[in-house]
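*Asks:* Chains A, B, C and D, in that order, give the protein sequences.
Residue numbering for the first sequence is 1 to 372, as defined by UniProt numbering.
Residue numbering for the second sequence is 1 to 372, as defined by UniProt numbering.
Residue numbering for the third sequence is 1 to 372, as defined by UniProt numbering.
Residue numbering for the fourth sequence is 1 to 372, as defined by UniProt numbering.
Ideal placement from N, C-alpha and C gives every residue a C-beta, glycine not left out.
Being a predicted model, the structure only gives us computed values, none of them experimental.
Protein chains: 4
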Amino acid sequence: MKSLNIGLIGTGYMGKCHALAWNAVASVFGDVPRPRLAVLAEASQDLAERKARELGFERATGDWRTLVNDPDIDVVSITTPNAFHPEMAIAALEAGKHVWCEKPMATRLEDAERMLAAARASGRVAALGYNYIQNPATRLIRRILDEGQIGEVNHVRLEMDEDFMANPEDFFYWKSEASSGYGALDDFGVHPLSLLRVLLGGVRRVCGHMAKPYPDRPLQEGGRRVVETYDITTVLMELENGASGVLSLNRSAWGRKGRIFVQIFGSKGTIVYDQERMNEVQLYTVDGSRETQGFRTILTGPQHPPYDRFIPAPGHGLGFNDLKIIECRELIRRLAGEKAHLIEFEDGIRIERTVDAMARSAHEGRWIEVAT
Amino acid sequence: MKSLNIGLIGTGYMGKCHALAWNAVASVFGDVPRPRLAVLAEASQDLAERKARELGFERATGDWRTLVNDPDIDVVSITTPNAFHPEMAIAALEAGKHVWCEKPMATRLEDAERMLAAARASGRVAALGYNYIQNPATRLIRRILDEGQIGEVNHVRLEMDEDFMANPEDFFYWKSEASSGYGALDDFGVHPLSLLRVLLGGVRRVCGHMAKPYPDRPLQEGGRRVVETYDITTVLMELENGASGVLSLNRSAWGRKGRIFVQIFGSKGTIVYDQERMNEVQLYTVDGSRETQGFRTILTGPQHPPYDRFIPAPGHGLGFNDLKIIECRELIRRLAGEKAHLIEFEDGIRIERTVDAMARSAHEGRWIEVAT
Amino acid sequence: MKSLNIGLIGTGYMGKCHALAWNAVASVFGDVPRPRLAVLAEASQDLAERKARELGFERATGDWRTLVNDPDIDVVSITTPNAFHPEMAIAALEAGKHVWCEKPMATRLEDAERMLAAARASGRVAALGYNYIQNPATRLIRRILDEGQIGEVNHVRLEMDEDFMANPEDFFYWKSEASSGYGALDDFGVHPLSLLRVLLGGVRRVCGHMAKPYPDRPLQEGGRRVVETYDITTVLMELENGASGVLSLNRSAWGRKGRIFVQIFGSKGTIVYDQERMNEVQLYTVDGSRETQGFRTILTGPQHPPYDRFIPAPGHGLGFNDLKIIECRELIRRLAGEKAHLIEFEDGIRIERTVDAMARSAHEGRWIEVAT
Amino acid sequence: MKSLNIGLIGTGYMGKCHALAWNAVASVFGDVPRPRLAVLAEASQDLAERKARELGFERATGDWRTLVNDPDIDVVSITTPNAFHPEMAIAALEAGKHVWCEKPMATRLEDAERMLAAARASGRVAALGYNYIQNPATRLIRRILDEGQIGEVNHVRLEMDEDFMANPEDFFYWKSEASSGYGALDDFGVHPLSLLRVLLGGVRRVCGHMAKPYPDRPLQEGGRRVVETYDITTVLMELENGASGVLSLNRSAWGRKGRIFVQIFGSKGTIVYDQERMNEVQLYTVDGSRETQGFRTILTGPQHPPYDRFIPAPGHGLGFNDLKIIECRELIRRLAGEKAHLIEFEDGIRIERTVDAMARSAHEGRWIEVAT
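#1: Taking C:ALA166 as the reference, which of D:ASP161, D:VAL153 and D:GLU162 has the closest Cα?
#2: Looking at C-beta atoms only, is the number of pairs between the region 10-21 of chain B and the region 39-58 of chain B that lie closer than 8 Å three or more?
#3: What does the alpha-carbon distance come out to for the pair D:ALA362 and D:ALA211?
#4: Check whether the Cβ atoms of C:GLY315 and C:GLY301 lie closer than 8 Å to each other.
#5: Report, in whole angstroms, the separation of the C-beta atoms of D:HIS98 and D:VAL75, which I expect to be a contact under 8 Å.
#6: With respect to the beta strand (DSSP E) encompassing B:SER122, which residues constitute its N-terminal and C-terminal limits?
#7: Would you decide whether B:GLY181 is buried or exposed? Buried here means 16 or more other CB atoms lie within 10 Å of its CB.
#8: For the region 262-290 of chain B, enumerate the residues whose C-beta is nearer than 7 Å to any C-beta of chain D, in chain order.
#9: Quick one: which unbroken beta strand (DSSP E) runs of 3-plus residues sit fully inside the UniProt domain "GFO/IDH/MocA-like oxidoreductase" (139-272) of chain A? Chain order, please.
#10: Of all the residues that make up the region 333-348 of chain B, which are near chain D by a beta-carbon distance shorter than 7 Å?
#11: Among B:SER44, B:ASN23, B:MET237 and B:ARG217, whose alpha-carbon lies nearest the alpha-carbon of residue 416 of chain B?
#12: Tell me which residues share the same chain as C:THR80 and place their Cβ nearer than 7 Å to its Cβ, disregarding the 5 neighbours each side in the sequence.
#13: Closer than 9 Å by beta-carbon distance: list the chain A residues that pair up with D:ALA48, in chain order.
#14: Determine the direct distance from the alpha carbon of A:ASP231 to that of A:GLN220, and round the result to whole angstroms.
#15: Report yes if the C-beta distance between A:ALA253 and A:ASP186 is below 8 Å; otherwise report no.
#16: Mapping DSSP to helix, strand and coil, what is B:VAL25?
#17: So, is the C-beta of D:HIS155 closer than 8 Å to a C-beta in chain C?
#18: Between the alpha carbons of B:GLN134 and C:TYR13, how many angstroms are there, rounded?
#19: In whole angstroms, what is the alpha-carbon distance linking D:ASN131 and D:PRO192?
#20: If the cut is a Cβ gap below 8 Å, which residues of chain D does B:PHE164 touch?
#21: For the region 71-106 of chain C, list the beta strand (DSSP E) runs that are entirely contained and at least 3 residues long, ordered along the chain.
#22: Taking 8 Å as the cut-off, does the region 24-40 of chain D touch the region 327-335 of chain D (at least 3 CB pairs, one atom from each stretch)?
#23: With DSSP collapsed to three states, give me the class of B:GLY348.
#24: With DSSP collapsed to three states, give me the class of B:THR297.
#25: Going residue by residue through the region 39-71 of chain D, where are the continuous beta strand (DSSP E) segments of at least 3 residues, counting only ones entirely within it?
#26: With a Cβ-Cβ cutoff of 8 Å, do C:VAL246 and C:LYS103 count as a contact?
#27: Mind listing which residues of the region 211-234 of chain D have their C-beta closer than 8 Å to chain C's C-betas, in chain order?
#28: Helix, strand or coil for A:ALA137, going by three-state DSSP, please let me know.
#29: Output the distance between the C-alpha atoms of D:PRO213 and C:SER267, rounded to the nearest integer angstrom.
#30: Which two residues bound the contiguous beta strand (DSSP E) that contains D:SER280?
#31: Distance check for B:VAL227 and A:GLN263, CA to CA, integer angstroms please.
#32: Counting C-beta neighbours from all protein chains within 10 Å, is the total for C:SER176 16 or more, i.e. buried, or is it exposed?
#33: Thinking C-beta only, is A:PHE310 closer than 8 Å to D:ASN321?
#34: Between B:SER27 and chain C, is any beta-carbon pair separated by less than 8 Å?
#35: For C:ILE368, which residues does DSSP report across the bridge?
#36: For D:ILE332, report the span of its alpha helix (DSSP H) as first-last.
Okay, here's the thing in structure tokens:
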């Protein structure tokens with residue numbers, strides 16, 4: 001397999017994360033050619049050059065279209081704000097590039113559908129940045145489920161909470177504008193939905209509720225402005241597999257920093273996971289004597305691949321950035337035509353349609369079927 | 001204040017708990033006359049006599065009406081299965097007795113309304129056995145809320161989970177019959193609703209979903225029978241105070257034994273409580289330096305009354321039965337005409353109406369207003 | 001079996017705990033005659049009468065010798081400060097009473113030895129108030145050990161920490177006087193030693209270290225006084241069974257309220273217990289697949305007797321005071337000539353001798369053999 | 001500052017960790033020149049070449065002396081088994097290279113002293129791989145201590161436990177040979193000692209105990225061989241700052257995977273840390289109302305530098321490998337003549353002398369002063 005030439009658009013939160021992953025993946029896994037960090041695009045030439053130096057890219061451009069059309073580039077990492085994803089992803093696909101786009105696909109379902117169409121038309125790989133599904137802990141959960149260790153799943157509860165919108169006196173900024181999306185639902189609700197998709201499959205019907213903890217916020221220039229997005233969202237769900245569930249999201253949850261709390265109930269046991277303790281899985285099964293049954297805290301280790309590629313000793317802890325390195329390895333696997341553990345546009349659109357149904361359901365105050 | 005003469009109907013789970021509370025309350029609190037454990041009623045004279053001996057009651061009867069009409073009796077503890085509450089409570093109230101009835105009031109709302117009417121007509125005290133609100137931890141939460149330590153509450157999540165219905169191969173018994181009620185919702189959902197009532201007030205609108213993890217169960221005599229109740233219930237809520245919330249119940253949740261998990265989100269902090277660790281309260285507030293903010297685990301102690309009446313040292317742990325002793329002390333306070341921390345029929349009916357709205361909402365698949 | 005007539009000396013922390021236990025034991029267990037709370041002794045007649053009323057005793061006396069010599073009394077509960085135990089216990093035994101004495105036996109080893117001699121001479125039952133060994137969780141641990149679930153034990157760590165001496169600006173009081181004993185070691189170190197005794201047996205050799213976190217303390221009347229006791233103690237141990245261990249005690253440990261942390265390491269697993277979460281046991285065993293091994297949190301329940309006598313549902317939680325009720329039942333069992341789970345003077349003296357060796361070892365800075 | 005040319009000796013556990021750190025440090029921090037991964041040395045030319053390809057090194061050699069004497073090389077990472085450290089480090093220093101050597105310095109104190117002498121003579125930087133001190137959590141603890149938030153420290157407890165030697169039926173291998181060192185004490189006890197050094201300073205006197213959980217082990221070729229090292233070690237300590245402490249080590253502790261449990265007790269609060277939850281710090285202080293005091297769980301975030309260089313959002317979690325990247329940045333800082341947070345040979349020798357005193361103390365069964 002030849003070395004891949006990488007183009008990166010965006011160097012914020014996830015942009016840096018992509019850069020670190022492309023930079024580390026060959027050393028961590030030891031079984032793929034070292035990608036060439038070829039071109040970095042940012043909003044201006046100056047910024048792009050500075051960031052290229054920092055992140056180890058060879059060239060820089062202030063115009064992302066230059067990058068997308070560079071004949072040298074094999075794969076384009078898109079890490080800009082969500083509203084830019086459709087245009088960039090479609091342009092890259094049309095230019096014959098593989099795309100690795102951060103989640104969610106878009107702020108409007110129709111844009112996401114256009115992205116899917118472009119991916120299909122191009123014949124290229126179009127993958128999404130759902131990194132939490134890459135955690136060895138998540139893979140362990142899937143294995144526990146596949147092996148039937150907790151029997152048939154009949155109920156699931158998903159929570160995702162952070163507190164970056166929790167302070168009512170923080171200034172109004174774009175995350176409170178309707179143009180940014182619905183709020184917690186698409187801003188980060190897609191993360192637990194990606195776990196749901198990978199672990200338990202699709203959602204059939206939903207009934208959602210969205211709420212604003214704070215009706216308005218102060219403006220930096222004085223006065224106050226009405227908040228247009230919903231920082232809190234809760235959704236009843238019926239899954240395709242027949243299980244019931246609930247999704248609870250709150251981006252104004254004081255004290256929660258990166259909590260994704262998952263409870264999966266089955267006929268023979270229960271699985272619990274908390275992203276804030278991402279190296280642990282809680283498992284209860286009905287095996288053995290009643291005197292000693294209990295939730296066990298499993299610390300991930302080399303027996304939970306690909307943890308072993310990072311550290312040979314158990315319980316030492318992977319970090320958030322390591323998940324993106326694993327995702328990068330999966331993408332490379334996919335580009336080589338192998339079976340990979342990834343959410344591509346074909347699956348990602350299912351998440352977008354679920355989000356769309358949830359938002360409509362909340363607006364209309366009734367149950368809605370998810371389009372398939 | 002004179003010593004109270006007590007009549008107890010029922011000696012199962014909560015019957016024994018009442019007996020222990022009446023027996024201990026004077027010694028624990030040291031400020032009330034020792035109640036006289038006068039008469040115990042059970043299904044037969046034999047059983048009643050044996051239980052009276054065990055639990056320290058003076059007399060025994062196989063006919064609860066004898067007890068209810070005994071001129072000697074001041075207060076009647078009713079701890080029989082829920083379906084019997086209305087008849088017994090109304091008879092006792094009509095006989096001029098004070099009533100201490102286990103939760104919920106009844107299996108049908110109209111019966112609960114009749115109970116309320118009887119209480120009003122009698123002028124007697126009619127209290128319900130919502131023991132979890134008596135935990136010093138719960139009182140601490142109320143105090144934290146009252147003092148505004150977490151600001152204005154905007155969202156709440158309540159979960160209650162146990163696993164006594166989790167085994168799909170357990171034989172069908174009355175808890176799966178429709179005559180026993182809706183299932184998890186009234187069977188134990190009223191517990192978190194009692195906490196909600198005491199901590200945050202009433203519920204305005206609800207949208208519920210009820211599910212059966214197992215469609216049928218084996219019969220002891222062979223064959224299988226269709227399950228008629230719902231072991232899983234999830235409900236979206238809008239509270240009267242404007243906050244949103246969700247209630248999640250599962251009595252087939254493997255590994256959960258007495259979990260009541262409460263998360264209360266406010267504009268300045270968050271409170272978390274888990275009944276399985278009933279001597280702890282988790283509190284996050286935005287006070288102090290950002291470097292050292294975090295959820296603090298508060299262990300209850302003498303500074304959280306009436307813990308001090310049980311143990312002078314902090315962190316040593318109250319137990320489930322101690323909550324009923326506190327409730328008993330509150331009831332005695334109420335009987336003496338003092339202000340007491342209790343859920344009486346006047347408040348209890350609000351819980352029953354909320355349950356009724358939740359069940360109807362689930363059946364009809366739509367939002368429903370709670371009657372006030 | 002006839003009903004026992006009880007005399008109680010002392011109504012402080014543990015005095016009330018004894019009174020509650022004698023009052024509740026028959027109702028909780030349902031299989032023993034109801035003890036008669038006959039006589040209560042306190043420092044003055046007035047106080048004794050008030051406390052007798054509160055705690056439900058029939059008679060009161062300001063002179064404990066009157067109680068001890070009362071021909072009516074069968075058992076004497078001794079709950080006064082440790083320095084009074086020898087005189088009272090010996091007098092009670094010599095008067096032919098059974099004795100239930102709080103721990104430790106005495107403040108000086110020679111007094112404890114005299115108590116043992118008196119017990120032997122009397123032929124009466126002489127039991128000690130080591131309540132933590134009564135926890136169903138502790139019994140579960142013993143059972144796990146007996147069944148070899150963690151293999152052969154090779155190492156143990158015991159910690160006990162509270163913070164009642166943690167504030168350096170609290171006034172000097174008798175706990176800082178040498179006459180009160182060594183400090184943390186005998187004040188509460190005997191509690192983990194009682195667990196050690198019951199779970200793993202005797203201690204062969206020790207090497208201790210005692211420290212004073214604060215050299216002096218303010219006096220209420222002004223000025224400061226040198227602290228004479230040791231709030232911190234740490235001891236290396238070799239056990240009779242060949243295992244090694246360490247005991248760590250700190251009664252000036254801010255934030256610790258009733259922590260007794262136990263770690264028992266064996267050739268096939270590990271047990272962890274924390275008294276601040278007294279309804280949980282942590283167990284790790286090497287059974288099953290490597291992928292899902294982990295410490296399991298076992299919540300105590302009816303399957304862990306005698307939890308079932310208190311509550312029929314699991315995970316609902318016993319409290320500190322419940323342990324004394326269990327101890328009381330064991331004492332009654334012992335008085336009836338049955339096999340009981342108790343630490344009597346014959347075993348208690350082993351704990352006292354271990355404490356003595358630890359203190360001498362700390363003073364002399366060397367390893368010392370424990371007398372047997 | 002010019003780019004550094006790196007030589008790496010060894011590609012096992014920590015060798016890969018060094019390679020990943022050198023590879024990532026520039027991208028993560030963005031403020032240092034990208035190091036050149038120049039030469040990799042392994043036991044054979046073949047292995048070296050394969051590993052160089054995997055880890056991104058330009059050249060490879062089967063002879064570490066070639067690497068050490070390569071005029072191109074600025075810094076040598078030494079990650080071979082401990083017994084090789086002295087020869088390699090001394091050769092590298094004598095060749096004028098800076099050295100980054102994994103911990104501990106050597107298996108014998110005299111070798112470590114020779115290494116220190118070589119470092120002094122060379123005038124080069126000689127740093128040790130004590131990565132746990134680099135955790136932002138650890139730095140937060142140091143800051144809390146420096147600011148006096150828990151007052152004056154009077155007691156500390158350190159535990160380090162893993163289970164890689166826990167199975168008594170694992171075959172005998174070199175870690176059970178006396179030539180590998182004392183056992184748990186130097187194998188990993190130096191890690192908590194590095195934390196102790198950085199957080200609280202030096203150790204004055206020690207009294208240790210070392211134990212063998214299993215006297216012998218099976219040989220692969222049949223039969224059994226006597227174990228020569230001590231998998232369990234416990235040490236009483238008096239620190240230079242006047243505090244007392246205890247160090248407990250167990251590398252046969254079933255279920256513990258990377259536990260380093262630290263409890264620091266002060267006159268105004270307590271700090272608790274567990275390496276298995278490396279993104280959390282527990283802090284108890286006596287500030288505020290007694291009703292709401294408790295241990296708070298602080299999740300590390302951007303407010304705890306240099307967490308912010310990895311992830312802009314709090315509570316998302318660093319991993320074990322990230323600590324080495326931070327250490328690498330500190331080393332580069334040190335090479336640039338800036339103040340750095342590192343344990344160099346000058347400090348590392350203090351840890352080695354402490355280990356030596358602990359081992360001698362255990363062998364002689366008495367307190368021993370640590371050489372300064």
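*Replies:* Here's the rundown:
#1: Position 166 of the third sequence holds residue 166 of chain C. Looking at the Cα atoms, D:VAL153 is the closest of the given residues.
#2: yes
#3: Along the fourth sequence, read from residue 1 onward, the residue named residue 362 of chain D stands at position 362. Along the fourth sequence, read from residue 1 onward, the residue named residue 211 of chain D stands at position 211. Those two C-alpha atoms are separated by around 9 Å.
#4: Counting from one through the third sequence, the residue named residue 315 of chain C turns up at place 315. Counting from one through the third sequence, the residue named residue 301 of chain C turns up at place 301. Contact flag set, yes.
#5: Counting from one through the fourth sequence, the residue named residue 98 of chain D turns up at place 98. Counting from one through the fourth sequence, the residue named residue 75 of chain D turns up at place 75. Confirmed, about 4 Å.
#6: Residue 122 of chain B sits at position 122 when you count from the first residue of the second sequence. Here B:SER122 belongs to no beta strand (DSSP E); instead the alpha helix (DSSP H) covers 109-122.
#7: Taking the second sequence and counting its residues from 1, one reaches residue 181 of chain B at position 181. Buried is the call here.
#8: LEU283 and ARG290
#9: 153-161, 203-211, 216-218, 224-226, 232-239, 244-250 and 259-266
#10: none
#11: No answer is possible for residue 416 of chain B: the residues shown for chain B start at 1 and end at 372.
#12: Position 80 of the third sequence, counting from 1, holds the residue named residue 80 of chain C. For C:THR80, where only same-chain residues beyond five positions count, the Cβ hits under 7 Å are ILE9, GLY10 and MET88.
#13: To locate residue 48 of chain D, count along the fourth sequence from 1; it is residue 48. Going along chain A, no residue has its Cβ under 9 Å from D:ALA48, so there is no contact; the nearest lies around 14 Å.
#14: The residue you call residue 220 of chain A lines up with position 220 of the first sequence. The residue you call residue 231 of chain A lines up with position 231 of the first sequence. Taking the straight line from one Cα to the other gives about 20 Å.
#15: For the purposes of this step, residue 253 of chain A is taken as residue 253 along the first sequence, with counting starting at 1. For the purposes of this step, residue 186 of chain A is taken as residue 186 along the first sequence, with counting starting at 1. Contact flag unset, no.
#16: Here residue 25 of chain B corresponds to residue number 25 of the second sequence, with the count starting at 1. Three-state result, B:VAL25: helix.
#17: Along the fourth sequence, read from residue 1 onward, the residue named residue 155 of chain D stands at position 155. Output row for D:HIS155: interface = yes.
#18: Within the second sequence, numbered from 1, the residue matching residue 134 of chain B stands at position 134. Within the third sequence, numbered from 1, the residue matching residue 13 of chain C stands at position 13. Their backbone Cα atoms lie some 22 Å apart in a straight line.
#19: Here residue 131 of chain D refers to the residue found at position 131 when the fourth sequence is read from its first residue. Here residue 192 of chain D refers to the residue found at position 192 when the fourth sequence is read from its first residue. Each residue's alpha carbon lies about 11 Å from the other.
#20: As a first step, residue 164 of chain B must be located in the second sequence, where it is residue number 164. What B:PHE164 touches in chain D: nothing, since even the nearest Cβ is about 30 Å away.
#21: 75-78 and 98-101
#22: yes
#23: Here residue 348 of chain B is taken as the residue at index 348 of the second sequence, counted from 1. Correct three-state label for B:GLY348: helix.
#24: Within the second sequence, residue 297 of chain B is the residue found at index 297, counting from 1. If DSSP states are grouped into helix, strand and coil, B:THR297 belongs with the strands.
#25: 59-61
#26: Here residue 246 of chain C corresponds to residue number 246 of the third sequence, with the count starting at 1. Here residue 103 of chain C corresponds to residue number 103 of the third sequence, with the count starting at 1. It is not a contact, given that the beta carbons lie outside the stated cut-off.
#27: ALA211, PRO213, TYR214, ILE232 and THR234
#28: Translated into the one-based positions of the first sequence, residue 137 of chain A becomes position 137. Helix, per DSSP.
#29: Residue mapping note: residue 213 of chain D aligns to position 213 of the fourth sequence, counting from 1. Residue mapping note: residue 267 of chain C aligns to position 267 of the third sequence, counting from 1. Roughly 8 Å between the two C-alpha positions.
#30: Indexing the fourth sequence from 1 puts residue 280 of chain D at position 280. Checking the displayed sequence, the identity of residue 280 of chain D turns out to be Glu instead of Ser. Its beta strand (DSSP E) spans residues 280-285.
#31: Here residue 263 of chain A refers to the residue found at position 263 of the first sequence. Here residue 227 of chain B refers to the residue found at position 227 of the second sequence. In a straight line, the C-alpha of A:GLN263 is about 24 Å away from that of B:VAL227.
#32: Counted from its first residue, the third sequence places residue 176 of chain C at position 176. Looking at its Cβ environment, which holds 16 or more other Cβ atoms inside 10 Å, C:SER176 is buried.
#33: Along the fourth sequence, read from residue 1 onward, the residue named residue 321 of chain D stands at position 321. Along the first sequence, read from residue 1 onward, the residue named residue 310 of chain A stands at position 310. It is a contact, given that the beta carbons lie within the stated cut-off.
#34: Here residue 27 of chain B corresponds to residue number 27 of the second sequence, with the count starting at 1. Output row for B:SER27: interface = yes.
#35: Sequence index remark: in the third sequence, residue 368 of chain C carries index 368 (1-based). DSSP, once it has assigned bridges, lists C:VAL206 as partnering C:ILE368.
#36: Translated into positions along the fourth sequence, residue 332 of chain D becomes position 332. That run of the alpha helix (DSSP H) goes 320-335.
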